[in-house]
Amino acid sequence: LIVRYEVGKLDDLIKDNPKEDIIEPEPTKKSVELDAELEDMLSKQKAKIKVIGTGGAGNNTINRISEVGVVGAETIAVNTDAQDLLYTTADKKILIGKDITHGLGAGSNPKIGEEAARENEQDIKHSIQGADMVFITCGLGGGTGTGSAPVIAEVAKKTGALAVGVVTIPFSVEGQRRYENAVIGLEKMENIVDTLIVIPNDKLLELAPDLPLHTAFKVADEILTNAVKGIAEMVTKAGLINLDFADIRAVMTGGGV
Numbered sequence: 232l233i234v235r236y237e238v239g240k241l242d243d244l245i246k247d248n249p250k251e252d253i254i255e256p257e258p259t260k261k262s263v264e265l266d267a268e269l270e271d272m273l274s275k276q277k278a279k280i281k282v283i284g285t286g287g288a289g290n291n292t293i294n295r296i297s298e299v300g301v302v303g304a305e306t307i308a309v310n311t312d313a314q315d316l317l318y319t320t321a322d323k324k325i326l327i328g329k330d331i332t333h334g335l336g337a338g339s340n341p342k343i344g345e346e347a348a349r350e351n352e353q354d355i356k357h358s359i360q361g362a363d364m365v366f367i368t369c370g371l372g373g374g375t376g377t378g379s380a381p382v383i384a385e386v387a388k389k390t391g392a393l394a395v396g397v398v399t400i401p402f403s404v405e406g407q408r409r410y411e412n413a414v415i416g417l418e419k420m421e422n423i424v425d426t427l428i429v430i431p432n433d434k435l436l437e438l439a440p441d442l443p444l445h446t447a448f449k450v451a452d453e454i455l456t457n458a459v460k461g462i463a464e465m466v467t468k469a470g471l472i473n474l475d476f477a478d479i480r481a482v483m484t485g486g487g488v
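Each residue of the sequence shown is one higher than the one before, starting from 232 at the first, in the numbering used here.
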């Protein structure tokens with residue numbers, strides 16, 4: 232049935248039936264109870280996401296995430312350097328390897344970073360416990376991040392969480408030693424995490440060769456942050472394409488590099 236109104240008559244019809252005269256149906260007691268039940272169910276089913284930044288670059292990423300915010304994610308900062316950790320903004324902080332480094336850092340030695348993480352493995356496990364998805368972010372090449380990230384990923388996997396690594400490969404100008412450290416750390420991460428996102432810092436300089444190095448480091452931090460935020464909020468935030476945690480797990484479990 233098609234009803235046609237002459238010009239002007241539709242306006243008269245609207246004027247004769249103002250919006251305020253339209254009575255919205257009151258929600259029934261049953262529908263209110265159902266809504267409350269659905270909200271309770273959703274709050275219990277909500278995926279728990281934790282973002283762990285380890286080492287200097289990892290802590291920088293945690294600082295940036297704290298600034299921009301990631302909906303529904305808890306941030307955890309891990310470091311052997313007490314001063315760096317002090318100035319990091321995070322929901323939780325873990326100083327690892329106190330007996331080994333005395334809070335003075337790993338001195339660009341991944342073995343010390345690994346030993347430090349092993350020393351505080353139970354603290355790491357306690358902070359991760361209950362998470363459905365754990366991001367481990369760091370700048371490969373240094374001591375703390377390179378050494379501890381694989382240990383943290385291993386702990387996350389043992390708790391049953393989906394482990395996602397988000398790491399950078401150092402700039403060439405940072406030296407051969409850092410690059411070699413990064414390659415070793417990368418291989419270890421590949422063998423543990425479900426999915427590994429690798430950001431080669433040199434690519435930034437290829438795209439913008441005139442970029443000052445100190446700015447390039449900030450851009451690298453920003454890319455790490457956006458990678459974590461983008462993936463996490465696909466689960467925790469409603470969007471144009473709605474994905475639940477089961478979708479993300481299906482794609483990322485054993486997803487590779």
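Glycine included, C-beta positions come from ideal geometry on N, C-alpha and C.
- The residue among K323, G344, K324 and A321 with its C-alpha nearest the C-alpha of T332 is G344.
- For P431, the secondary structure class from DSSP, reduced to helix, strand or coil, is strand.
- By the Cβ test, the region 291 to 299 is in contact with the region 456 to 468, since at least three Cβ pairs between them sit closer than 8 Å.
- A384 is positioned such that its CB atom lies closer than 9 Å to that of V365.
- For N422, there is no enclosing beta strand (DSSP E), as DSSP marks it with neither H nor E.
- Listed in chain order, the non-local C-beta contacts of P381 below 6 Å within the same chain comprise K419, M420 and I423, local neighbours out to five positions each way being set aside.
- Within the region 341 to 390, complete alpha helix (DSSP H) segments of at least 4 residues are found at 341 to 350, 352 to 359 and 375 to 389, given in chain order.
- Here V302 is near K468, since their CB atoms are less than 9 Å apart.
- The alpha-carbon separation between P431 and K261 amounts to approximately 56 Å.
- When secondary structure is reduced to three states using DSSP, V404 falls in the helix class.
- By a beta-carbon distance limit of 8 Å, L442 does not contact I400. Their separation comes to about 17 Å.
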